[in-house]
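Colleague: In the numbering used here, the protein residues as written are 347 to 554. Backbone N, C-alpha and C fix where the C-beta goes; we use that ideal spot for every residue, glycine too. I am attaching a structure below and will ask some questions about it afterwards.
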Amino acid sequence: MIKNKFIVIEGLEGAGKTSACIFIKKILKQKNIKNILLVRQPGSTLISEEIRHLIKKNFYNEEMVKETELLLMYAARVQLVQTIIVPALKNGIWVISDRHDLSSFAYQGGGLGIDKKFIIILKKFLFNNLDPDLTIYLDVLPEIGLKRVFKRNILDKIESRSLDFFYKTRKSYLKNIKLDNNSITINANMNIDSVNKNIKYQLLKWLQ
Ligand code: Z5A
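Okay, here's the thing in structure tokens:
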């Protein structure tokens, strides 16, 4: 019996993270793993969902400064980690999270230019040793990901940022993921069947 794990899916908008979370849950179930919890960040508790709403909202007469955005991400995250993720992991439940810390390093760090060392301090102060057992990074070109999201809905505040912002965000993802030994990078520019095939292959290899 494999010990329960904390799995995180990362990537730009439209990379296919939400689809991947559902697909990974299906694969784990096929491996006879029954207790699986799916969460998303920011969100997944009443308070964190309220914070999510605040983050995504466009306040037309006032700009949210980048430090506020970063702190709100961590407020939502610490609420979710302490009330849901840590108790679940302690109770033998597998947790699959749609985004985690790496999103803050990529978006607020790479995209908005906040110094990485402050994010590291925040992370250490709030979580100490809670790192994912596995991060699956779905690498998509910004144009491709945004086109997928655009088909679906009107863009929110972060989705409406410039292509340059998303290129910086992706650059940061690529840089940080290279430093993470517990990570897998999947080319997410391909069609969904090919992406799923690769996820399945890599995940089953990792589970062995
Ligand atoms: N954010 C941040 O800045 N800092 C942080 O620390 C955290 C988050 C935690 C969360 O919004 C926002 O918060 C996000 C980053 C920021 N920025 N924005 N905006 P969200 O949860 O609404 O957005 P998201 O996380 O990027 O999810 P998404 O837009 O829904 O994308 P996704 O989950 O990666 O993709 P999907 O929902 O699975 O698929 C999107 C569509 O594409 C859907 O119609 C699929 O059927 C289709 N799809 C998926 N894969 C494919 C492939 N391979 N080919 C073709 N079509 C595909």
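May I ask whether a heavy atom of the ligand Z5A can be found less than 8 Å away from the beta carbon of residue 495?
Modeller: Here residue 495 is taken as the residue at index 149 of the sequence shown, counted from 1. Residue 495 Cβ: within cutoff of the ligand Z5A.
Colleague: Which residue or residues does DSSP assign as beta-bridge partners of residue 357?
Modeller: Your numbering for residue 357 matches position 11 in the sequence shown. DSSP lists 484 as partners of residue 357.
Colleague: Going by the CB atoms, is the gap between residue 430 and residue 383 shorter than 9 Å?
Modeller: Stepping through the sequence shown from its first residue, residue 383 is reached at position 37. Stepping through the sequence shown from its first residue, residue 430 is reached at position 84. Yes; because the gap between Cβ atoms is below 9 Å, this pair is in contact.
Colleague: Taking the C-alpha atoms as reference points, what is the distance between residue 368 and residue 427?
Modeller: Along the sequence shown, one-based indexing puts residue 368 at 22. Along the sequence shown, one-based indexing puts residue 427 at 81. Straight-line Cα distance between these residues: approximately 20 Å.
Colleague: Can you find a heavy atom of the ligand Z5A that lies under 8 Å from the Cβ of residue 498?
Modeller: On the sequence shown, position 152 is the one that residue 498 refers to. Answer for residue 498: yes, Cβ within range of the ligand Z5A.
Colleague: Specify whether the segment 467 to 474 and the segment 484 to 492 touch according to this definition: at least 3 beta carbon pairs, one from each stretch, less than 8 Å apart.
Modeller: No contact exists between the segment 467 to 474 and the segment 484 to 492.
Colleague: Suppose the cutoff is 6 Å on Cβ atoms and the five residues either side in sequence are ignored; what does the same chain contact list for residue 514 look like?
Modeller: Sequence index remark: in the sequence shown, residue 514 carries index 168 (1-based). Excluding positions up to five away in sequence, the list reads 456, 457.
Colleague: Check whether the Cβ of residue 387 sits closer than 8 Å to any heavy atom of the ligand Z5A, and report yes or no.
Modeller: Here residue 387 refers to the residue found at position 41 of the sequence shown. Within the cutoff, so yes.
Colleague: Return yes when at least one heavy atom of the ligand Z5A lies under 8 Å from the C-beta of residue 527, else no.
Modeller: The residue given as residue 527 occupies position 181 in the sequence shown. No, Cβ of residue 527 sits at least 8 Å from all heavy atoms of the ligand Z5A.
Colleague: Could you check if residue 423 is buried or exposed, using at least 16 other CB atoms within 10 Å of its CB as the buried criterion?
Modeller: One-based indexing of the sequence shown puts residue 423 at position 77. Flag for residue 423 reads buried.
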